[in-house]
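Step one of this worksheet: look at the structure below.
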Amino acid sequence: MVLFVVGVILIFIFTVMIIYTVRHYCFLWNRLFGKQRRDFQDLPGKYQPGISILVPMHNEEKVAANILSRLVEMDYLRERYEAIVINDHSTDRTGQIADGYASKYDFIKVVHRTEGKNRGKASALKVGTVFASHEIILVFDADYQPSKNCVQRLTAPFCDVAVGLVMGRVVPLNAPDSFLTRMLDLERSGGYQVDQQARYNLNFLPQYGGTVGGIRKNILKAIGGWDVTKFAEDTDVTYRVFLNGWKVTYVNIAECYEEVVHNWKERRGQLRRWAIGHNQCLFAYFWKTLTSPILKFAQKIDALLLLYVYVIPVLMVIGWLLGIYVYFFGAYWWWILFAALMFTLAYNNVGNFAVFCEVGTSVVLDRRGRVVWLLPFNLFNFFANMWVCAGAFFVTLFEGFKGVAKEEYILEWEKTKRVSGINALGAETIERKEAPRPQIIKEKAVEESKIVEKEVVEESQTIEEKVTEEPKFAALDSALAEAYRLMRERNYGDAVEVFKFAVQVAEDATATAMLEVELGKIYFILGEKKNAIQEFSEASKICADCGNEDLKREIEDMLNKLIPLSGKES
Amino acid sequence: MGTIRLHRSMWKMMASKFHFFLGIILSILIGILVVFYAIPYWWLQARVIEKLLNFAQVPHKLFTLAKPINLIEGIPLYYHPSGPTFQIPVYYQSVSPFAALVICPLLLIAAILIYRMSFIPLPVKVVFIILAFLTGVSFLYVAFISPIPPHPLYRVIIDWQFSGVIILVLIGVIFALTVFPLPGSFLAKSFWLVLTLIFSMIWNTVRISLVAATFYYFGSLPFLLMHYLMGVYIDFIYIVMFYSLSVSYLARRRTSEAGWE
Numbered sequence: 000m001v002l003f004v005v006g007v008i009l010i011f012i013f014t015v016m017i018i019y020t021v022r023h024y025c026f027l028w029n030r031l032f033g034k035q036r037r038d039f040q041d042l043p044g045k046y047q048p049g050i051s052i053l054v055p056m057h058n059e060e061k062v063a064a065n066i067l068s069r070l071v072e073m074d075y076l077r078e079r080y081e082a083i084v085i086n087d088h089s090t091d092r093t094g095q096i097a098d099g100y101a102s103k104y105d106f107i108k109v110v111h112r113t114e115g116k117n118r119g120k121a122s123a124l125k126v127g128t129v130f131a132s133h134e135i136i137l138v139f140d141a142d143y144q145p146s147k148n149c150v151q152r153l154t155a156p157f158c159d160v161a162v163g164l165v166m167g168r169v170v171p172l173n174a175p176d177s178f179l180t181r182m183l184d185l186e187r188s189g190g191y192q193v194d195q196q197a198r199y200n201l202n203f204l205p206q207y208g209g210t211v212g213g214i215r216k217n218i219l220k221a222i223g224g225w226d227v228t229k230f231a232e233d234t235d236v237t238y239r240v241f242l243n244g245w246k247v248t249y250v251n252i253a254e255c256y257e258e259v260v261h262n263w264k265e266r267r268g269q270l271r272r273w274a275i276g277h278n279q280c281l282f283a284y285f286w287k288t289l290t291s292p293i294l295k296f297a298q299k300i301d302a303l304l305l306l307y308v309y310v311i312p313v314l315m316v317i318g319w320l321l322g323i324y325v326y327f328f329g330a331y332w333w334w335i336l337f338a339a340l341m342f343t344l345a346y347n348n349v350g351n352f353a354v355f356c357e358v359g360t361s362v363v364l365d366r367r368g369r370v371v372w373l374l375p376f377n378l379f380n381f382f383a384n385m386w387v388c389a390g391a392f393f394v395t396l397f398e399g400f401k402g403v404a405k406e407e408y409i410l411e412w413e414k415t416k417r418v419s420g421i422n423a424l425g426a427e428t429i430e431r432k433e434a435p436r437p438q439i440i441k442e443k444a445v446e447e448s449k450i451v452e453k454e455v456v457e458e459s460q461t462i463e464e465k466v467t468e469e470p471k472f473a474a475l476d477s478a479l480a481e482a483y484r485l486m487r488e489r490n491y492g493d494a495v496e497v498f499k500f501a502v503q504v505a506e507d508a509t510a511t512a513m514l515e516v517e518l519g520k521i522y523f524i525l526g527e528k529k530n531a532i533q534e535f536s537e538a539s540k541i542c543a544d545c546g547n548e549d550l551k552r553e554i555e556d557m558l559n560k561l562i563p564l565s566g567k568e569s
Numbered sequence: 000m001g002t003i004r005l006h007r008s009m010w011k012m013m014a015s016k017f018h019f020f021l022g023i024i025l026s027i028l029i030g031i032l033v034v035f036y037a038i039p040y041w042w043l044q045a046r047v048i049e050k051l052l053n054f055a056q057v058p059h060k061l062f063t064l065a066k067p068i069n070l071i072e073g074i075p076l077y078y079h080p081s082g083p084t085f086q087i088p089v090y091y092q093s094v095s096p097f098a099a100l101v102i103c104p105l106l107l108i109a110a111i112l113i114y115r116m117s118f119i120p121l122p123v124k125v126v127f128i129i130l131a132f133l134t135g136v137s138f139l140y141v142a143f144i145s146p147i148p149p150h151p152l153y154r155v156i157i158d159w160q161f162s163g164v165i166i167l168v169l170i171g172v173i174f175a176l177t178v179f180p181l182p183g184s185f186l187a188k189s190f191w192l193v194l195t196l197i198f199s200m201i202w203n204t205v206r207i208s209l210v211a212a213t214f215y216y217f218g219s220l221p222f223l224l225m226h227y228l229m230g231v232y233i234d235f236i237y238i239v240m241f242y243s244l245s246v247s248y249l250a251r252r253r254t255s256e257a258g259w260e
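As you go down the protein sequences, you meet chains A and B in turn. Once you know that position 37 of the first sequence is 36 in numbering that gives the first Met the number 0, the rest is easy, because the numbers rise by one and skip nothing. Once you know that position 132 of the second sequence is 131 in numbering that gives the first Met the number 0, the rest is easy, because the numbers rise by one and skip nothing.
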C-alpha cells in the first residue's frame, strides 16, 4: 500500500516535470524557428512620450552615481522625462550623491524619506509614483545602468494604448568577477534571451522583473498601486495587469546592465526573497488566473506554470526522497523499479536538460562562445536553488498560516549588498559632499494611515492638475498612440486624419514639424506624392526656426528625393 | 577583472530546419541500431568488463540468465533477469544498531556545522548534506533492515547495461532537438554527437567495472552509495558537458555574421 501511494506521488511529480519540460522545449524551438516579435521597435526616436523614471535607493552610495550618470546621458528628449530618486531611510551618502545630481540637472528630483516606519522598495515606489508627473512610469533599481537607448526602447511599446507593462533585458556587467557571477550571467542569458522573448512571441506572460520596466500610471492606479505587503511587488503587478486584460510586453533589445551578487550568502538572500514573494503571488493569484474570463486557455496554463516555478524545487526534493525510499524498499517491485529507472533516466537527461539547453541556445544567440563551457557547473547552482526555494516555500506556507506576513514584510528593506560599484560605460560621475538642495521634496510622513491618505489625495490632485494644465499634451499623446496603432493596422486613411488632429493640438514647433513629416510619409505610402511634398514643405517651413538640425536634414533629404519623382510622374 | 561584451541582444538566429530534420533522422537511426544490435553490444561490453575486472584482480564469472535476440525481445525478458552479467564473490558488511545510532547523529552534526560555515559556498553545503543523508540512510538500512543491499550486483549490472543503451537513444534525441538546429556545419554537429556516444559507451563500461570492484574490495555499504550516486546523475553531467562543448565550438567557429540577424 505504501509503495502504491509512493508510486502515485512519483508519477504525479514526473507528470508535472514533463509538463515543464515540454514548456521549455516549446520556448526553445519558438526562439529557434518561430517568428520573433519586435513590436514597436521601429518607433524609438519618433515616439517619445513624457516619462517619470523612479529610482528607489536605500544605502546605495556605491552605485548611486553610476545610474544617475546613465540617466543624464540617455538618448531621450530632456524635456520629456524626469528622474525621481526616492532616498528611503539611507544612512550613508546616498542622499548627498542624489542631491548633487539634482542640483546640477533640473530633471532629477530627490524624495528623502527620513521618518515613518513604512520602508521597503514597494513602499518607496508608492511614494515615488505620487510625485511622478508623467503618465508613463519606468523603474530602475539603483544598481542597474541602462544603455543609452534603453529608455527609448522601453517606452516605444506604450504607443499601443493596450500595453500596460513593459519589461527590458538585464545583462550582468560584472560576470567575470567570480564563479557565481558567471553562473548568474548564464542564468540571466537563458531567462531573458530565450524564456522571456519566447513567452512574448507566443502571447503568453513575459514577467516584469521589478526593474528595467515601465507601467502606465493610470493602470497602476486602476489595479490598486504597488502592494507593499508582498516581497515580489514586480510579480504581483505583472499578474494584476495581465489579469485585468492589459498587454505585458518584453523588449529584448532594451538592455540594462546590472551588478549581480558576488557571494552565495547574498545570492541565497536574493533567491529566498524572490521565492517567498513569488509564492505569495501564487497563493494570491492562482484561483484568479484559473478562472479569469479574459485569458485564453494557453495563456492561463502558462501563467499558472509561471506562478508555480518556485514550487517545483519542493516537488523535486519530495521526488528525490521518495526515490530513495523506492530504491531501498521497492527492490522487488520490479515493474515499479524498472519504470522509475527508465523514466528517471529519460526525464533526468531530456527533461532537466531542457533548462540547460535554453541557456546554451541563449549563449549562441548572444554570440558568445567559451562561456558555455561552464554550463555543467550550473548543476551546483541548481542544487542551491533547490535548497533555498524549498525552504522559502515552507516559510511562505507557515507565515501564510500564521497570518503575520503582511505586517512584517512592509517594514524593512530586503536588498542585496552592493560591492564593487562598477561603472558600466566608463563615464564620469558627479559626487558632491555638501551640495545644495534646490529640488528636494521632503516627505514628513509619520503614520502609515496618513501616508496612504496623503498619497491618494496627492495622486488625485496631480492628475487633476495635469488635466487642467496640459490638456493638449494628453490629447497629443493619445492621438499619436492611436495614429501609430492605425498605421500598424495599415489603416493609413484614418491615420492621416488622426495625424492632422495631432498637428492641430501640438504646441511645439519641432513636434509639429515631425508630425507633418509623418503625414508626408503616409501620403507617400498612399501614392499621393503631391500631398506628400506639400506636407514636407510645410514641415520645412515650420522647422526653419525650430533649431533641430537633424530634422531639417531629414526633411530636405525627403524633399530632394520626392521632387524629382513627382516631376517624372507629371 | 576580465572583459565582457555588454551589448548582446539579438532578435533571431537563422536556425537550420534542414539540419534539424537530418538530426531527427540520425536519432531514429541510432534508435534502430540500438534495438537490433543491443544484445551483441552487451556481449562486447561484457567482454571488455571482463578484461577490466581481470586487470583489477577481481575474481568473477561471466554468465547469462537468458538470451534475447534483440532489445524488443529483451524488454519482456527484463522482468525475468536476462543478458550477460557477472558473478563476483562479495562480502556483506554488518553494522551494529548502536554504531548506526552513533554515526547518524555525528553525520547530522557535521552537516549542521558545515552548513553554518560561511566561507563554504552554498552548493557545496547542499551536496554535502545530500551525501550525509544518503550515508546515514545506508547505515540505518544495513543496521536495521538487512546487510544485503536491496539490489544484487548481477541485477545492477543488467540495469546499467540496459540504461547504457537507452542513454544512446536519448543522446541522439537531445542532439537532434538542441544542437542540430543551431547554425553551423553538419559535419561538426555529427562529430560531437558521435564523440558523445563513444564517451557514453566507454563511461558505461568503466562504471559497471568500478561498481563491481567496489563491491568486491569495500563491501556492501560503499556499494549502496556508488550504485545510487553513479546512476543517472553522472549521465546527465557528461551529456551537458558534451553539449556545452559542441555549442561552444559551433559558436566560435562562426567567422562571419552571415546567417545572423
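Ideal Cβ positions, reconstructed from N, Cα and C, are used throughout, including at glycine.
For CYS356(A), the nearest beta carbon of chain B is closer than 7 Å to its own beta carbon.
For GLU254(A), the three-state secondary structure derived from DSSP is strand. Looking at the DSSP output, MET166(A) shares a beta bridge with GLY212(A) and TYR249(A). Non-local beta-carbon contacts of TYR324(A) in its own chain, meaning distances under 8 Å to residues more than five positions away in sequence, involve VAL5 in chain order. A residue is called buried when at least 16 other Cβ atoms come within 10 angstroms of its Cβ; TRP225(A) meets this threshold and is buried.
By the criterion of a C-beta distance shorter than 6 Å, GLY163(B) is surrounded in its chain by ASN203, once the five residues flanking it on both sides are discounted. For ALA142(B), no CB of chain A lies under 7 Å from its own CB, so it is not counted at the interface with that chain. Secondary structure note for GLN86(B): its beta strand (DSSP E) is the uninterrupted segment 83-86. In summary, LEU185(A) is buried, with 16 or more beta-carbon neighbours lying within 10 Å of its beta-carbon over all protein chains present. Membership of PRO145(A) in the beta strand (DSSP E) is indicated by the continuous run 143-145. LYS188(B) does not reach chain A, its nearest Cβ partner there being about 13 Å away, counting only Cβ pairs nearer than 7 Å.
Taking a cut-off of 8 Å on C-beta distances, the stretch 123-140 of chain A does not touch the stretch 180-194 of chain A, as fewer than three cross pairs fall below it. Here THR154(A) is buried, its C-beta having at least 16 other C-beta atoms within 10 Å. MET315(A) and TYR46(A) have their alpha carbons spaced roughly 47 Å apart. Sequence-ordered contacts of the stretch 307-328 of chain A with chain B read ILE323, TYR326, PHE327 and PHE328 [C-beta pairs closer than 8 Å].
The beta carbon of ARG267(A) sits closer than 7 Å to some beta carbon of chain B.
Between SER93(B) and chain A, the shortest Cβ-Cβ separation is not below 7 Å. Chain-ordered listing is empty here: chain B has no CB closer than 7 Å to the CB of GLY212(A), the nearest sitting near 15 Å. For HIS111(A), the enclosing beta strand (DSSP E) starts and ends at 107-112. Put simply, of PHE285(A), ARG266(A), ARG271(A) and ARG267(A) the residue whose alpha carbon is nearest the alpha carbon of ARG239(A) is PHE285(A).
The beta carbons of THR195(B) and ILE236(B) sit about 12 Å from each other, so the pair does not count as a contact at 8 Å. Relative to the Cα of ALA391(A), the nearest Cα in the group LYS295(A), LEU294(A), LEU364(A) and LEU281(A) belongs to LEU281(A). The C-beta separation of TRP159(B) from ILE201(B) comes to about 14 Å, leaving the pair out of contact by the 8 Å criterion. Using a Cβ distance threshold of 7 Å, GLY209(A) and ASP233(A) count as a contacting pair.
For TYR153(B), there are no neighbours in chain A by C-beta distance under 8 Å, as the nearest C-beta there is about 13 Å away.
In this structure, TYR483(A) and CYS158(A) form a Cβ contact; the two beta carbons are roughly 4 Å apart against a cut-off of 8 Å. As computed with DSSP, PRO171(A) is found in a beta bridge with GLU257(A).
Taking all protein chains in view, the Cβ of GLN196(A) is crowded by 16 or more other Cβ atoms within 10 Å, so the residue is classified as buried. Listed along chain B, the residues sitting closer than 7 Å to GLY368(A) by beta-carbon distance are SER247, ALA250 and ARG251. Annotated as distal: LEU152(B) and ALA383(A), with beta-carbon spacing of 7 Å or more.
The shortest CA-to-CA distance from PHE11(A) to any of ILE521(A), PHE397(A), ILE317(A) and LEU373(A) is the one to ILE317(A). Excluding its 5 nearest sequence neighbours in each direction, ASP235(A) has C-beta neighbours in its own chain below 6 Å: ASP226, LYS229 and CYS280, listed in chain order. Straight across, the Cα-Cα distance linking ILE222(A) with LYS125(A) is about 13 Å.
Rounded to the nearest whole angstrom, the C-alpha separation of ILE87(B) and PRO58(B) is 6 Å. A direct Cα-to-Cα measurement between ALA508(A) and GLU548(A) gives close to 13 Å. The C-alpha of PHE118(B) lies about 48 Å from the C-alpha of LEU43(B).
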